Every structure is written in structure tokens, then in C-alpha cells.
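Per this note's numbering, residue -2 is the first one in the sequence shown, and the count goes up by one each step.
Scroll down for the structure; my scribbles are underneath it.
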Amino acid sequence: MHELSVVENMVAIVLRHAALNKAGSVTRINMVLGEMSTVMEEPVRFYFDMIAKETVAEGAELSFRRTPLVARCRECGKEFDVVEYDFTCTGCGGEQTEIVSGREFQVESIEIS
-2 MHELSVVENM
8 VAIVLRHAAL
18 NKAGSVTRIN
28 MVLGEMSTVM
38 EEPVRFYFDM
48 IAKETVAEGA
58 ELSFRRTPLV
68 ARCRECGKEF
78 DVVEYDFTCT
88 GCGGEQTEIV
98 SGREFQVESI
108 EIS
């Protein structure tokens, strides 16, 4: 259910940028969604349709680009794709790692007319 507030913020960002660019309508919203994000695509689409109604974003296509879960080893510095949630470094076998990407949920760009 947290998608509701996330989508409210997303639509506010889109509408602000559409207004700054004097858009008649928003035709497409390109989103980045990380593999480990807690945001789910289908609820985003559902809430977007509700919240964008009667705005310049109504009817805009939502496009999601998925980003993989990537970690960095704190011991050797190697970045690696995390497979099956195994955070063990593929370079040195270290277990002190940090997530570099894969938790994103953000507006990447919007297309307007």
C-alpha cells in the first residue's frame, strides 16, 4: 500500500516538470525500478491511473527499466551482480559488501507534447 504515497510523489514530480516545460500533455513516463525495490509495478500502474486522472499526465504510458542488484565488496572493491541474494564477493570471497544499485524507484525521463 506504500505505493500510493510513492505514486503521489512521482506524479507531483512529473506534473511540475510538465508545467515548467509548458506541456500540453505527458505521453510517456520512463521509470527506473531496481530488482530489490520494495515498489511493485502493478500497484504503481493502478494508483497512477487514479492520481493522474484529469491532469496533463492522464493516459500517459508508464515504462519501467529494471536495474539489477549490484554490490561492492568492502574488502577488495569489486562490483558484482548479486545472484539469488548471495552477497559473497565473486572476486575475493569477502562477505563485507554494500548494495550499489538495485533499490531504485525513480522517474528517469518524461515525454511530452
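All residues carry an ideal CB built from backbone N, CA and C; glycine is no exception.
On a predicted model such as this, the values are computed, not experimentally measured, just so you know.
Measuring only the C-alpha atoms, how far is L59 from E51? What you label residue 59 is simply residue 62 of the sequence shown in a count that begins at 1. What you label residue 51 is simply residue 54 of the sequence shown in a count that begins at 1. Going by the C-alpha atoms only, they are around 17 Å apart.
Hey, out of V23, F77, E76, S98, whose CA is closest to A49's CA? Along the sequence shown, one-based indexing puts residue 49 at 52. Checked all of V23, F77, E76, S98; the closest Cα to A49 is V23.
Taking R62 and V29 to be in contact with their CB atoms under 8 Å, please state how far apart those CB atoms are, rounded to whole angstroms. Within the sequence shown, residue 62 is the residue found at index 65, counting from 1. Within the sequence shown, residue 29 is the residue found at index 32, counting from 1. Correct: roughly 5 Å between the Cβ atoms.
The alpha helix (DSSP H) that contains L1, what's its start and end? If you number the sequence shown from 1, residue 1 lands on position 4. Taken as a continuous stretch (DSSP letters only), the alpha helix (DSSP H) holding L1 covers 0 to 17.
Is it true that the CB of V4 sits closer than 8 Å to the CB of V41? Numbered from its first residue, the sequence shown carries residue 41 at position 44. Numbered from its first residue, the sequence shown carries residue 4 at position 7. Yes, they are a contact pair.
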